[in-house]
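All remarks here apply to the structure that follows.
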Amino acid sequence: MAEAVEVEALSKVYKSGTQALNGVTLNADRGQLLTVIGRNGAGKTTMVRILTTQLAPSSGSARIMGFDVVEEPAKVRPHIALVPQEAQTNQSMSPWDYVYYLTKLEGFSSTEAKSRSVDALNQVGLDGIARKPCYSLSGGERRRAIVAAAIASNAEVLFLDEPTTGLDPIIRRQIWASLRNMVEKGRTIVLTTHLMEEAEMVSDKIAVVDHGMLVASGTPNEIKGRVKAKARVVLKGSGGDGFSSYGELVRLGDREILYLDRPEDANEIISASLSRGLSAEVSPVTLEDVFYKLLGGQTE
Amino acid sequence: MKTFSDAWTIAKMKSIPDMKRNPLTIAILLLLTGGMPLTFVYMFGGAANLPGGLVGAFVSSAPALALFASAQDINFDNYTKLRQIFVSKPIRPVSYVLGTSLSSLIYSAPGVVLFGALLLQRGLFTPATAVVAVGAMLLGWVVVSSMGFIVSGYLINASPYSMNAIINIFAFGMAYLTPVYYPASALGSFAWLSVLTPISAAANIVRTLGGLAPMDGLTVLSLAILVVEGLLFTLVFVARSRWREE
Numbered sequence: 001m002a003e004a005v006e007v008e009a010l011s012k013v014y015k016s017g018t019q020a021l022n023g024v025t026l027n028a029d030r031g032q033l034l035t036v037i038g039r040n041g042a043g044k045t046t047m048v049r050i051l052t053t054q055l056a057p058s059s060g061s062a063r064i065m066g067f068d069v070v071e072e073p074a075k076v077r078p079h080i081a082l083v084p085q086e087a088q089t090n091q092s093m094s095p096w097d098y099v100y101y102l103t104k105l106e107g108f109s110s111t112e113a114k115s116r117s118v119d120a121l122n123q124v125g126l127d128g129i130a131r132k133p134c135y136s137l138s139g140g141e142r143r144r145a146i147v148a149a150a151i152a153s154n155a156e157v158l159f160l161d162e163p164t165t166g167l168d169p170i171i172r173r174q175i176w177a178s179l180r181n182m183v184e185k186g187r188t189i190v191l192t193t194h195l196m197e198e199a200e201m202v203s204d205k206i207a208v209v210d211h212g213m214l215v216a217s218g219t220p221n222e223i224k225g226r227v228k229a230k231a232r233v234v235l236k237g238s239g240g241d242g243f244s245s246y247g248e249l250v251r252l253g254d255r256e257i258l259y260l261d262r263p264e265d266a267n268e269i270i271s272a273s274l275s276r277g278l279s280a281e282v283s284p285v286t287l288e289d290v291f292y293k294l295l296g297g298q299t300e
Numbered sequence: 301m302k303t304f305s306d307a308w309t310i311a312k313m314k315s316i317p318d319m320k321r322n323p324l325t326i327a328i329l330l331l332l333t334g335g336m337p338l339t340f341v342y343m344f345g346g347a348a349n350l351p352g353g354l355v356g357a358f359v360s361s362a363p364a365l366a367l368f369a370s371a372q373d374i375n376f377d378n379y380t381k382l383r384q385i386f387v388s389k390p391i392r393p394v395s396y397v398l399g400t401s402l403s404s405l406i407y408s409a410p411g412v413v414l415f416g417a418l419l420l421q422r423g424l425f426t427p428a429t430a431v432v433a434v435g436a437m438l439l440g441w442v443v444v445s446s447m448g449f450i451v452s453g454y455l456i457n458a459s460p461y462s463m464n465a466i467i468n469i470f471a472f473g474m475a476y477l478t479p480v481y482y483p484a485s486a487l488g489s490f491a492w493l494s495v496l497t498p499i500s501a502a503a504n505i506v507r508t509l510g511g512l513a514p515m516d517g518l519t520v521l522s523l524a525i526l527v528v529e530g531l532l533f534t535l536v537f538v539a540r541s542r543w544r545e546e
């Protein structure tokens with residue numbers, strides 16, 4: 001059985017000459033949540049647009065559920081649903097209108113489309129305000145309506161381009177739960193995000209892209225294993241300079257993050273910090289730390 | 301069959317919620333497509349010119365809105381990313397185009413009914429000529445819709461503000477400058493120019509049906525050119541229509 005998403009040496013050079021993708025190869029199995037992370041302009045959205053049959057690649061190939069996105073777009077489309085980045089709802093529509101009409105376009109009967117819409121709107125917590133016009137809703141509520149439309153679809157592969165941007169943590173977790181429920185039921189999700197906590201929490205697999213190239217891919221733990229540091233100490237207050245022999249020290253204003261190659265050094269550092277009047281917190285390295293290190297901590 | 305049912309769903313999606321929640325929009329559209337021009341016709345032309353003005357309001361309501369729907373609406377869908385969502389669904393581009401055009405017809409239905417009823421009430425239409433007049437109006441609607449889609453294809457990445465300005469200029473030219481609210485005979489020896497633009501060509505036909513102009517070469521030419529334009533612009537549009545960007 002074909003994998004849900006197969007991308008082989010995919011490249012895209014826009015007419016302007018910008019190389020958005022450069023030989024990316026990756027895949028997602030059926031029933032897997034693949035998260036693509038990368039800085040702004042890394043090529044994530046270009047990849048999503050090619051995979052959802054909107055944009056032609058310059059070279060390479062991509063298949064969704066075994067169908068080629070360039071040669072067989074009409075066969076790909078019944079299998080996919082998309083939440084585009086920065087999508088907006090029509091202000092006069094209610095979340096119900098938005099989800100119902102888009103679900104109807106999947107080919108469902110009115111009864112089935114209504115039932116799926118109710119279910120999807122409940123999943124994103126919009127059940128109480130589903131009939132209110134979008135102009136009276138917050139940006140986050142409107143965003144949830146767009147996510148609900150993808151959830152209500154029958155698509156086996158969902159592409160969600162930064163779906164939780166601008167949502168509060170409570171709703172974000174509600175959406176994470178919906179995503180994981182869908183994955184449990186066998187749907188495949190390709191998610192792009194800037195939220196490392198989100199990537200770490202929901203992903204089965206992560207792909208890190210930068211400047212159009214795949215920098216790393218694997219499970220969250222495999223990605224975290226790509227860096228030498230295993231623990232970090234966040235020092236509040238200045239004066240962590242003396243600790244630089246323990247590992248890399250990164251300054252964030254009046255705070256410093258010390259990446260420890262040997263976690264056992266943590267106790268020693270905490271004692272020394274307290275004696276200097278610094279507050280110190282030890283934790284395992286996060287995906288965000290790894291992302292920073294993999295991409296060289298360059299500013300954009 | 302799915303092509304048409306998808307088009308109908310898109311048409312409803314793009315019209316019903318907006319009409320339901322902003323009924324005043326319908327009143328504004330009626331004012332713009334009929335009320336305002338008729339006021340000027342009455343003020344400067346007197347009551348004698350009102351029947352001709354009503355013909356203009358009747359034939360221009362749907363095509364003028366079609367121009368906005370086909371160009372501006374598609375540009376707006378691009379901006380809100382609704383177009384991207386449609387592309388990723390099992391929908392054919394023709395359903396999207398047809399649905400967007402039909403939404404303009406739903407929107408303009410109150411105007412068409414109102415101005416058609418006034419023409420019937422004034423005795424300019426019989427039920428039979430009313431049917432032919434609706435046909436002529438729909439032909440104009442088809443041509444203007446296709447023209448709008450072709451324009452939107454070229455300006456797909458224009459900002460909604462630029463598109464708004466361009467379409468307003470187009471609409472002003474086609475609905476108000478050309479002989480839609482006034483007879484083509486007012487152009488004298490240039491009356492033949494009225495057959496070239498779709499709304500004025502439809503107005504020529506409807507004016508003849510209402511007994512406001514003789515059945516002459518201009519009427520026949522208007523019908524012939526409307527049909528040819530309808531076929532031509534639809535073919536050009538279909539040939540150019542595609543979902544995927546290069």
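Chains as they are written, first to last, in the numbering used here: chain A, 1 to 300; chain B, 301 to 546. Even for Gly, the Cβ is constructed at its ideal location relative to N, Cα and C. As the structure is a computational prediction, the values presented were derived from the model and not from experiment.
Curious, which full-length alpha helix (DSSP H) runs of at least 4 residues does the segment 28-108 of chain A contain?
The segment 28-108 of chain A is shown to contain whole alpha helix (DSSP H) runs of 4 or more residues at 44-51, 73-76 and 95-104, in chain order.
Along the alpha helix (DSSP H) that carries Ser305 of chain B, what are the first and last residues, could you check?
Its alpha helix (DSSP H) spans residues Lys302 to Arg321.
Hey, Arg143 of chain A and Leu167 of chain A are a contact pair by Cβ (cut 8 Å); roughly how many whole angstroms apart?
Contact holds; Cβ gap of about 6 Å.
Below 8 Å between beta carbons: does that hold for Arg255 of chain A and Val227 of chain A?
Against a cut-off of 8 Å, the Cβ pair of Val227 of chain A and Arg255 of chain A comes out as no contact.
Whose C-beta lies closer than 7 Å to the C-beta of Asp318 of chain B among residues of the same chain, with five residues either side of it excluded?
Hits under 7 Å: Thr325.
Looking at C-beta atoms only, is the number of pairs between the segment 536-543 of chain B and the segment 386-402 of chain B that lie closer than 8 Å three or more?
Flag = yes, the segment 536-543 of chain B and the segment 386-402 of chain B touch.
Does the separation of the CB atoms of Ala145 of chain A and Pro95 of chain A fall below 8 Å?
Yes; because the gap between Cβ atoms is below 8 Å, this pair is in contact.
Partner residues on chain A for Thr309 of chain B, Cβ-Cβ distance less than 7 Å:
Within 7 Å of the CB of Thr309 of chain B, the CB atoms of chain A belong to Tyr101, Lys104 and Leu105, in sequence order along the chain.
Near-chain A residues of the segment 368-391 of chain B - C-beta to any C-beta below 7 Å:
Flagged, chain order: Thr380, Lys381, Gln384, Ile385, Val387, Ser388, Lys389, Pro390 and Ile391.
Since Val355 of chain B and Gly510 of chain B should fall inside the 8 Å C-beta cutoff, what is the C-beta to C-beta distance between them, to a whole number of angstroms?
With 8 Å as the limit, Val355 of chain B and Gly510 of chain B qualify as a contact, their Cβ atoms being about 6 Å apart.
Asn22 of chain A - DSSP class collapsed to helix/strand/coil:
If DSSP states are grouped into helix, strand and coil, Asn22 of chain A belongs with the strands.
Taking C-beta to C-beta, are Ser446 of chain B and Phe386 of chain B nearer than 8 Å?
Taking 8 Å as the cut-off, the Cβ atoms of Ser446 of chain B and Phe386 of chain B do not count as close.
On the three-pair Cβ rule with 8 Å, is the segment 400-414 of chain B touching the segment 337-356 of chain B?
No: fewer than three Cβ pairs fall under 8 Å.
Rounded separation between Met213 of chain A and Val24 of chain A - CA only:
One C-alpha to the other measures close to 6 Å.
Grab the span of the alpha helix (DSSP H) containing Lys301 of chain A for me, first residue to last.
Nothing can be reported for residue 301 of chain A: it is not among the residues displayed for chain A, which extend from 1 to 300.
Nearest to Leu526 of chain B by CA position, among B:Thr497, B:Trp308 and B:Val432, is which residue?
Cα-wise, what sits closest to Leu526 of chain B is B:Thr497.
Could you check whether the Cβ of Asn90 of chain A sits closer than 8 Å to any Cβ belonging to chain B?
Yes, its Cβ sits closer than 8 Å to a Cβ of chain B.
is_contact[Asp516 of chain B, chain A] using C-beta, thresh 8 Å
No, no contact with chain A.
Against chain A, with Cβ distances strictly below 8 Å, would Arg542 of chain B count as a contact?
With its beta carbon at least 8 Å from every one in chain A, Arg542 of chain B lies outside the interface.
On the three-pair Cβ rule with 8 Å, is the segment 431-451 of chain B touching the segment 364-377 of chain B?
Result yes; three or more Cβ-Cβ pairs closer than 8 Å.
Counting contacts by CB-CB distance shorter than 8 Å, is Thr299 of chain A in contact with chain B?
Note on Thr299 of chain A: pLDDT 39, under 50, position unreliable in the model; the coordinate value appears next. Not an interface residue.
Starting from Asp127 of chain A, trace the alpha helix (DSSP H) in both directions and tell me its first and last residue.
Careful: Asp127 of chain A lies outside any alpha helix (DSSP H) and carries neither H nor E.
What residues of chain B sit near Gln19 of chain A, judged by a beta carbon separation below 7 Å?
The CB of Gln19 of chain A never comes closer than 7 Å to any CB in chain B; the least such distance is about 16 Å.
Just confirm the distance between the C-beta atoms of Gln85 of chain A and Asp161 of chain A, as a whole number of angstroms; I'd bet it's less than 8 Å.
Rounded, the Cβ-Cβ distance is 4 Å, consistent with contact.
Simplified DSSP assignment, three categories, for Met196 of chain A:
Assignment of Met196 of chain A by DSSP, reduced to helix, strand and coil, places it in the helix class.
Which of helix, strand or coil does DSSP assign to Glu156 of chain A?
Glu156 of chain A falls in the coil class under three-state DSSP.
With Arg180 of chain A as the anchor, note down where its alpha helix (DSSP H) starts and where it stops.
Element bounds for Arg180 of chain A: Pro169 to Glu184.
Three or more C-beta pairs under 8 Å: does that hold for the segment 419-437 of chain B against the segment 451-458 of chain B?
No, the segment 419-437 of chain B does not touch the segment 451-458 of chain B.
Residues sharing a beta bridge with Lys205 of chain A, DSSP:
A:Leu34, per the DSSP bridge assignment.
Could you pull out every unbroken beta strand (DSSP E) segment of at least 3 residues lying fully inside the segment 217-289 of chain A, listed in chain order?
Listed in chain order, they are 231-236, 247-252, 255-260 and 279-284.
Along the beta strand (DSSP E) that carries Ala9 of chain A, what are the first and last residues, could you check?
Unbroken beta strand (DSSP E) run through Ala9 of chain A: Val5 to Val13.
Three-state secondary structure assigned by DSSP to Met515 of chain B
Met515 of chain B sits in coil when the DSSP states are folded into three classes, being neither helix nor strand.
To the nearest angstrom, report how far apart Arg63 of chain A and Ser522 of chain B are at their CA atoms.
Between Arg63 of chain A and Ser522 of chain B, the C-alpha separation is close to 51 Å.
From the DSSP secondary-structure annotation, give me the bridge partner or partners of Ile189 of chain A.
Its beta-bridge partners are A:Leu33 and A:Leu158.
Determine the closest residue to Tyr482 of chain B out of B:Lys389, B:Leu338 and B:Tyr379, with distance taken between C-alpha atoms.
Of B:Lys389, B:Leu338 and B:Tyr379, the residue nearest in Cα terms is B:Leu338.
Ser452 of chain B, enclosing alpha helix (DSSP H) - first and last residue
Ser452 of chain B -> alpha helix (DSSP H) spans Pro427 to Tyr454.
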